[in-house]
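The block underneath contains the structure these notes are about, expressed in structure tokens.
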Amino acid sequence: MPWSLSGTYLESCNCDVVCPCTTSGLTEPADHERCQVTFAFHVDSGNVDGVDVSGRSVAVFVDAPRVMAEGGWQVALYLDASADDGQAEALGRVFSGQAGGPMAALTPLIGEVLGVERVPIDYRDDGRRHAARVGDAIDVEIQDQVAPQFGEDGPVMTLTGIFHPANSTLTVARSTRATGAGVYGRSWDFAGGNAHSAPFTWSA
Numbered sequence: 045m046p047w048s049l050s051g052t053y054l055e056s057c058n059c060d061v062v063c064p065c066t067t068s069g070l071t072e073p074a075d076h077e078r079c080q081v082t083f084a085f086h087v088d089s090g091n092v093d094g095v096d097v098s099g100r101s102v103a104v105f106v107d108a109p110r111v112m113a114e115g116g117w118q119v120a121l122y123l124d125a126s127a128d129d130g131q132a133e134a135l136g137r138v139f140s141g142q143a144g145g146p147m148a149a150l151t152p153l154i155g156e157v158l159g160v161e162r163v164p165i166d167y168r169d170d171g172r173r174h175a176a177r178v179g180d181a182i183d184v185e186i187q188d189q190v191a192p193q194f195g196e197d198g199p200v201m202t203l204t205g206i207f208h209p210a211n212s213t214l215t216v217a218r219s220t221r222a223t224g225a226g227v228y229g230r231s232w233d234f235a236g237g238n239a240h241s242a243p244f245t246w247s248a
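Just so we're aligned, residue 45 is where the sequence shown starts under the working numbering, counting upward by one.
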């Protein structure tokens, strides 16, 4: 059966602003030895095979080689604990790429699934600030960037024509808070690093 989702997304990684992975279609080396990135999605409206998944959130953590296009990604999937069993199963199929759609384009790059967990996910959009707290594992807040010449109320900077599952246009943003604790043996603080946000509309 066809499915569709729409909502908003945020991303935080350990690259400097702006990361080479995003601007090269994953073909240029990241700024550091590994590319570690968190994607968080909030579904404002969605239906998957007759299951209403509106209001639910999902997060994906990726630990990839410096050149992401080489594959061998290690991935963890976090599903909203407020989702019932049917919603969790539906979201899991979409965000793992099993149901087709944009995430399916990334599945050939995955070498290992670290785990799938159901945890509380607190996702917030507040103007040009976006935040997601994923259980006790990941805590991210990002700020969309504005060229200083335009002042605080100026237009946010964007990247367009990008190969990315969320959207081909992404804001240029910076992580104001980006910590991980015990994420399958990984902990970090990427505050000040690269970030993006965008609306997303998917269907298959």
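For glycine and all other residues, C-beta sits at the position ideal for the given N, C-alpha and C.
Cutoff 6 Å; reference residue i; Cβ partners in own chain excluding five residues on either side
i, result
"Q80", "N58 and D107"
"L203", "L214"
"E156", "Q118"
"F83", "E55 and V104"
"V190", "G198 and V200"
Whether residue i touches residue j by CB criterion (9 Å)
i, j, result
"I165", "V102", "yes"
"I182", "G224", "yes"
"V138", "W232", "no"
"H86", "G51", "yes"
"A134", "V160", "no"
"L123", "R162", "yes"
"R218", "G195", "no"
Counted within 10 angstroms of its Cβ, other Cβ atoms place residue i as buried (16 or more) or exposed
i, result
"E249", "No answer is possible for residue 249: it lies beyond the span of the chain, which begins at 45 and ends at 248."
"S247", "exposed"
"R168", "exposed"
First and last residue of the uninterrupted beta strand (DSSP E) at residue i
i, result
"V119", "W117 to D124"
Residues of its chain near residue i, where Cβ-Cβ distance is below 7 Å and the 5 sequence neighbours each way are ignored
i, result
"T67", "L203"
"C63", "C57, A74, D75 and N238"
Host alpha helix (DSSP H) of residue i (start-end)
i, result
"R137", "D129 to F139"
"P64", "P64 to T67"
C-beta neighbour in chain C for residue i, strict 9 Å
i, result
"F234", "This model lacks chain C altogether; it includes just one protein chain."
Assumed close pair residue i, residue j - CB separation to whole angstroms, cut-off 8 Å
i, j, result
"A127", "V92", "A127 to V92, Cβ: 11 Å. No contact."
"P209", "A149", "7 Å"
8 Å CB neighbourhood of residue i in its chain, flanking five on each side removed
i, result
"V216", "V61, V62, D188, Q189, V200, M201, T202, L203 and H240"
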